[in-house]
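Written below as structure tokens is the structure these notes are about.
Residue numbers (this note's numbering): 132 to 216.
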């Protein structure tokens, strides 16, 4: 069975609390408050290019959705670990 992950903008505490209460007893739903504020690793100018392939936590479409709608609903197959956002 698929699992659902609700990621809620840090600016929407009431929505977060509502979803926590609503899905409290549903083992297939996890509700997370997005606490990120900004990219933590910033390169000073003149430094070598970034060696990491990509930022594991950031997915552009998720970030955009949080800005536009204040929440994101991700559906994960049962065997997938939760994404690191």
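Using N, Cα and C, we set each Cβ at its ideal position, and we do this for glycine too.
Values in this document were obtained by computation on a predicted structure and should not be read as measured data.
| field | For residue 134, the residue or residues it bridges with in DSSP | value | Residue numbering aside, residue 134 sits at position 3 when the chain shown is read from its first letter. Per DSSP, 207.
| field | Residue burial classification, residue 199 (beta-carbon count within 10 angstroms, cutoff 16) | value | As a first step, residue 199 must be located in the chain shown, where it is residue number 68. The residue is exposed, with fewer than 16 neighbouring Cβ atoms inside 10 Å.
| Does DSSP put residue 152 in a helix, a strand or coil? | For this step, residue 152 is matched to residue 21 along the chain shown. In the structure shown, residue 152 sits in a helix (DSSP, three-state: H, G or I).
| request: Determine the DSSP secondary structure at residue 196, reduced to helix, strand or coil. | output: To locate residue 196, count along the chain shown from 1; it is residue 65. Helix, per DSSP.
| Residues bridged to residue 161 (per DSSP) | As a first step, residue 161 must be located in the chain shown, where it is residue number 30. 136, per the DSSP bridge assignment.
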